[in-house]
Structure formats: C-alpha cells, structure tokens
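Residue numbers (my numbering): 6 to 663. Everything on this sheet refers to the single structure shown next.
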C-alpha cells in the first residue's frame with residue numbers, strides 16, 4: 006500500500022439533495038502489486054464480497070464485476086481470512102464477466118443495499134477530473150478507457166493533492182489543453198514495475214518509465230520487452246517506419262538528460278579515428294590466493310608485508326573462499342592495508358558501537374512517528390519488497406523466516422540512517438547480498454557495504470551522473486577497440502549502449518552466477534591493471550559477441566534480447582583474461598587518444614612499448630599500477646582452464662605494456 010486515505014466519501018445522492026444518509030464513507034488506497042498498480046476504494050463497513058467489487062480488467066478498459074466461481078464458494082467458505090492480504094489473494098480465484106456500468110451507478114442487491122466498491126488498474130486510467138479550486142470539499146472523478154466514469158470521490162479529511170502526487174510516481178499526468186480541471190494520462194505512461202512485466206501492460210510508455218525509474222526498469226529481464234521497445238520507437242503512422250538513429254539517440258537523451266554518446270560534434274569531444282591497436286596478447290590466470298600464501302605475507306603483528314604483491318595475486322587469480330571473509334575487508338577499504346591485527350580489532354569495536362547506534366535510530370521509531378515520515382516509510386517498503394526477492398535460490402537466503410533475509414533487511418535499513426539523503430534505491434540489495442554471504446556478520450557486512458557504496462554512490466543518485474559518465478566512457482573505449490562494431494550498433498539504433506545499463510549499475514551481479522560474481526568483484530576491487538577495469542569487462546563481453554550480432558544481422562530488438570540472454574552463460578575466467586588483454590593492448594598503443602588515457606588513468610597519451618620504467622619518451626609516468634607487470638612465479642591457469650603447476654610465468658616478459 007503506497008497511499009491510504011480515510012474520510013473519502015461517495016455522495017450517492019449525486020447532488021440531488023443533501024441527505025446525510027447518502028454519504029458513503031470509505032478508504033481509498035493505491036496498491037503496488039508485483040506487476041501492476043491499482044486504485045481501490047471501499048466503504049468502511051464493507052468486507053470483501055467478490056460479487057460487489059467493480060474492477061477494470063486487463064483485457065478491456067470497461068468495468069467488470071468480480072464473481073466467485075461456484076467451486077471457489079464451496080471450497081473457501083466462511084473460514085476465509087478477512088485480512089487485507091487475504092482479500093488480495095482472492096484475485097486469482099475469481100472469474101470475470103462484463104458489467105454494464107455508467108456514471109457511477111451502484112450495483113443494487115436483493116437486500117436493497119447499494120454497493121459502491123471499485124478498484125482499477127492504472128493501465129486503464131484515461132483522465133482525472135478535479136473540482137474547482139475553493140469550491141467545497143476536494144473531489145476527483147476517475148475516467149477510464151471507453152469513457153467509463155467512476156463515482157466522484159470527495160475528500161472530507163484533507164485534499165486530493167497527496168493522491169495526485171502518488172499517482173504521478175506511476176503515470177505521467179498533463180493538464181488538458183481543453184479543460185484546466187482535467188488531468189490527462191499521457192499516451193506513454195510509466196509505472197514502478199519491473200521490466201519483465203512491461204509487456205503485460207502494453208499501454209505503458211517505455212521512455213517515461215525509464216525517465217522516472219531507470220533502476221526498476223533495468224533490474225528486470227530485458228527479453229520480455231524487446232518487442233514493446235521496438236514498437237515504442239516506431240512512427241505512429243500506418244506505415245510503421247522506423248525512426249532514424251538520430252531520433253533514437255534523442256529519445257534516450259530525453260530519458261537520461263546529459264547522456265551524449267557518439268556525438269563528436271559536441272564541443273571538446275575528441276574524435277577518435279581508426280587506430281591500429283595491434284594483436285591482443287595471450288593472457289593466463291593463476292590459481293586463487295590460498296590461506297597459506299596470505300599468512301606468509303603477514304608479519305608477527307598482522308601487517309601485510311607486500312600489499313602490491315597481494316593485490317597482483319588477487320587480480321591474477323582471485324581468493325580461495327575461506328580467505329574472503331578477511332581479505333575483502335582490506336579490498337573494500339574497511340581495514341587499512343597497513344594496519345596491525347590489534348588496530349583492526351579496536352576498529353571493529355568502534356564500528357560495532359557506531360553500527361548499533363544507527364540501527365537503534367530506526368528500530369526505535371514508533372508507528373505513530375513513521376506515519377509522519379513518508380521517506381522512511383518508502384525506504385522500508387522498497388527494502389522489504391527487494392529483500393524478499395534477492396538471491397532466494399541461494400541457501401543463505403532461501404526459505405521463509407530466513408535469518409539471512411532479516412540481516413539483509415536490517416543492514417539496508419541501517420544504511421538509510423547512515424546516508425539518509427540517498428536512502429535506499431533498487432539494486433542496492435544486489436550489492437549487499439554477496440558481501441553479507443561472505444562476511445556472515447552483520448556489522449562487518451554493513452561497513453564493507455558502506456565502503457562498496459562509496460565506490461558506487463553515483464550510480465544511485467537521482468541525477469544518474471555516474472551512469473551517464475560510464476556509458477559515455479564505455480562508448481569511447483568500444484569505439485577505439487572496434488569502430489566498425491560501434492557503427493553497426495548505431496545503424497541498429499543501439500549506439501547508446503543502454504543494454505549495458507544493468508551491467509554497470511550493479512557491477513554484473515545479474516549476469517554471472519553467484520560464485521562467479523564473488524571472483525569477479527574481488528578482482529575488480531584490486532583496482533588493477535588500470536582504473537575503470539569494469540568498463541573493459543563490458544568491452545570484452547561485447548567483443549566476444551560482436552561476430553554473432555553482425556553475422557546474423559541482429560537489429561535493435563535482437564541485440565537487446567541477445568545481450569539479456571547472456572545472463573548466467575558468461576565464462577568469468579575467459580572474460581577476465583580478455584579484459585586484461587584489452588587493457589594491455591590499449592596501454593601498448595603508441596597513439597592512445599587523450600580521452601581513453603583519462604578513462605584508463607594513464608596521464609600520457611603516447612605510450613612507448615620499449616620503456617622498462619613505465620615512462621613514456623617525455624618521462625611522464627603511467628598512473629596505472631605498472632607493478633602488476635612485475636614478475637610473479639606462480640602456478641597458472643590458462644584461459645581454457647588447463648593448469649601447469651611447474652610453469653614459471655614472467656609477467657615482465659609476457660604482459661609488459663610499457
């Protein structure tokens with residue numbers, strides 16, 4: 006329930022007289038279900054009677070009546086729970102029949118009572134008529150498609166502004182050019198529903214949806230909306246001609262203001278011409294860092310002796326699982342790399358106290374207080390919804406009343422106290438879940454999550470600046486890597502790379518298996534071999550798929566569907582090897598464009614391959630960590646997964662970029 010207001014009356018006398026008996030008091034609710042949002046009004050004294058409820062059906066905007074099937078009446082009987090949630094459970098047990106209905110006439114039953122209950126989906130809303138300002142009670146009249154009008158709702162306790170504000174989160178409303186009191190629902194509407202459900206409601210507008218809630222959109226499965234997206238970007242004339250790519254770019258730019266991709270005419274934009282990057286080098290990976298190897302690199306006080314070596318080793322092979330609980334705290338910045346064991350213990354004590362003080366803040370909020378704190382209510386509602394669908398197939402989170410789910414919920418609520426301005430945005434539960442799984446400790450998981458969110462904060466900010474920047478940077482890198490593939494994507498209206506939004510938003514969390522994401526994240530957290538390595542991972546995936554996309558002449562629809570269907574099918578070790586090879590290929594380039602140099606964190610735009618010092622001819626040092634390319638003698642795993650426990654790999658010889 007995202008909105009609830011009592012004291013909302015239907016004046017059943019329809020203005021004929023002021024007989025108080027003709028005022029029907031009721032409760033108005035806006036309810037966000039899994040795949041739709043509905044508006045529900047019912048009298049205060051009415052319990053659910055499915056023969057009374059008027060509902061706008063999905064297959065039609067006409068009003069229909071819910072009637073129980075005979076077997077449902079027999080099987081459920083009087084023992085049916087009367088709670089609100091139980092009433093909603095009835096939705097799946099009723100059959101529908103058309104009901105003639107106009108201008109809010111009531112259903113009259115044998116006992117003579119008028120029953121006025123109704124509910125409708127926002128997919129069927131056409132317009133809202135408001136009363137004149139300053140004219141008595143505030144009232145609204147909902148007009149559904151096919152010009153079906155519902156009874157006027159009079160707000161005796163307060164006005165209707167909060168309801169309009171709530172509805173505008175889900176549909177786009179514009180004042181009618183012909184009548185200032187009428188709000189029209191735009192043809193392209195938007196609901197806070199996930200992408201996988203958009204096709205169930207074909208009247209929803211993708212672009213408004215993206216503009217209002219890009220996070221919810223990208224968390225769902227793209228494949229179910231490809232046809233809808235395709236149709237959304239067609240011209241409305243009968244010929245159904247495709248919009249030209251320039252207009253497609255305008256659509257996306259309207260959705261994410263400031264997103265300028267592949268528009269070289271922009272002032273200050275560096276035109277990247279075709280550059281020969283040379284052949285990608287062969288790259289092998291080593292075995293994960295073991296607990297024994299980790300222990301050997303610590304002194305008697307628990308300080309890490311060679312941080313660079315540890316980071317290089319983690320980048321090249323990851324960590325064995327038993328080591329993650331300790332090592333992730335360093336990688337995420339919770340533990341300083343130069344701290345002793347005693348210093349870390351003292352830090353944990355302080356952080357434990359700090360955590361529970363913040364947790365107490367939201368735990369001690371009474372129901373009465375929360376009623377007056379809409380933001381906290383919204384955060385809690387969204388967290389509860391997301392927690393219940395986060396990694397539920399993982400044993401750590403599966404089943405009802407799972408303690409892992411409780412911890413997930415409590416940590417996210419406490420984070421709202423830590424950063425109330427940001428609060429909770431959909432997708433953050435995906436970032437916390439693996440961290441909590443590894444830590445198995447509420448406090449440690451919280452502070453590691455805080456550190457991770459420090460890196461990811463811009464992804465979730467309202468202006469989406471982080472996402473804009475990354476999409477533009479990704480386009481720049483991909484154009485250097487393969488300008489022909491970029492041109493093909495642009496020719497298919499896909500040059501804005503929106504299909505990578507989910508990859509970037511939650512760092513591939515939905516693209517790899519749970520165990521693979523543990524490996525991928527710990528490698529990225531080393532910040533090697535350069536900054537923005539996650540963008541090179543995107544390039545590696547796209548380059549791996551470009552042949553199929555181009556050979557089979559995939560169009561906009563096909564590309565989106567294909568990229569979505571890669572989820573859980575990508576070989577993490579292969580992609581890590583390929584992304585590292587791309588980084589070496591770019592850093593070996595003698596004429597690296599300045600824009601690319603800045604993205605990868607390389608100060609010089611010209612890198613010479615013969616330098617042994619990590620400097621270019623002018624003496625400028627690379628800002629990327631060249632220590633990665635120092636010699637490591639370890640067992641290695643090749644890209645195909647084969648092992649050679651005796652092979653000595655000299656990264657100075659095989660991987661040196663400069």
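Every residue gets a Cβ at the ideal spot worked out from N, C-alpha and C, and that includes glycine. Since the model is a prediction, treat every value here as computed from it, not as a measurement.
Only exposed fits residue 327, as fewer than 16 other CB atoms lie within 10 angstroms of its CB. Judged by DSSP secondary structure, residue 493 falls within the alpha helix (DSSP H) whose first and last residues are 488-496. Fewer than three pairs of CB atoms, one per stretch, sit closer than 8 angstroms, so the region 562-570 makes no contact with the region 588-602. Secondary structure note for residue 9: its beta strand (DSSP E) is the uninterrupted segment 8-16.
Boundaries of the alpha helix (DSSP H) around residue 322: 312-322.
Counting the other Cβ atoms within 10 Å of the Cβ of residue 11 gives fewer than 16, which makes it exposed. Within its own chain, the residues whose Cβ lies closer than 8 angstroms to the Cβ of residue 413, once the five positions on either side in sequence are excluded, are 392, 395, 402, 434, 437, 438 and 441, listed in chain order.
Contact check for residue 35 against residue 171 passes: the beta carbons are separated by less than 8 angstroms.
Straight through space, the alpha carbons of residue 384 and residue 400 are spaced by roughly 26 angstroms. DSSP lists 148 as the bridge partner or partners of residue 154. Burial state of residue 398 is exposed, judged by a 10 Å Cβ sphere holding fewer than 16 other Cβ atoms.
Within its own chain, the residues whose Cβ lies closer than 7 angstroms to the Cβ of residue 304, once the five positions on either side in sequence are excluded, are 310, listed in chain order. Here residue 519 carries a helix assignment [DSSP, helix/strand/coil].
In the DSSP assignment, residue 46 forms a beta bridge with 33 and 123. Here residue 135 is bridged, per DSSP, to 145. When Cβ pairs closer than 8 angstroms are counted between the two stretches, the region 592-608 is seen to touch the region 534-541, the count reaching three or more. Taking all protein chains in view, the Cβ of residue 425 is surrounded by fewer than 16 other Cβ atoms within 10 Å, so the residue is classified as exposed. The continuous alpha helix (DSSP H) containing residue 331 extends over residues 326-336. Between residue 325 and residue 527, the alpha-carbon positions lie close to 11 angstroms from each other. Annotation for residue 339: 452, 453 and 456 place their beta carbon closer than 6 angstroms to its own, counting only its chain and skipping 5 residues before and after.
Annotated three-state conformation of residue 539 is helix, per DSSP. The straight-line gap separating the alpha-carbon atoms of residue 294 and residue 514 is approximately 23 angstroms. Counting along the chain, the unbroken beta strand (DSSP E) around residue 179 starts and ends at 178-180. Counted as a single uninterrupted DSSP element, the stretch harbouring residue 448 is not any beta strand (DSSP E) but the alpha helix (DSSP H) occupying residues 447-461. For secondary structure counted as the alpha helix (DSSP H) over 4 or more consecutive residues, the region 531-583 holds these complete runs in sequence order: 538-556 and 561-569.
For residue 285, same chain residues with a beta-carbon under 8 angstroms away, outside a window of 5 residues either side, are 583, 586, 587, 589 and 590 in chain order.
Looking at the DSSP output, residue 160 sits in a beta bridge with 13 and 143. When secondary structure is reduced to three states using DSSP, residue 291 falls in the strand class. In this structure residue 475 is buried. Its beta-carbon is surrounded by 16 or more other beta-carbon atoms within 10 angstroms. Beta-bridge pairing by DSSP links residue 387 to no other residue.
In its chain, beyond the 5 residues on either side, 515 and 516 have a beta carbon closer than 7 angstroms to the beta carbon of residue 572.
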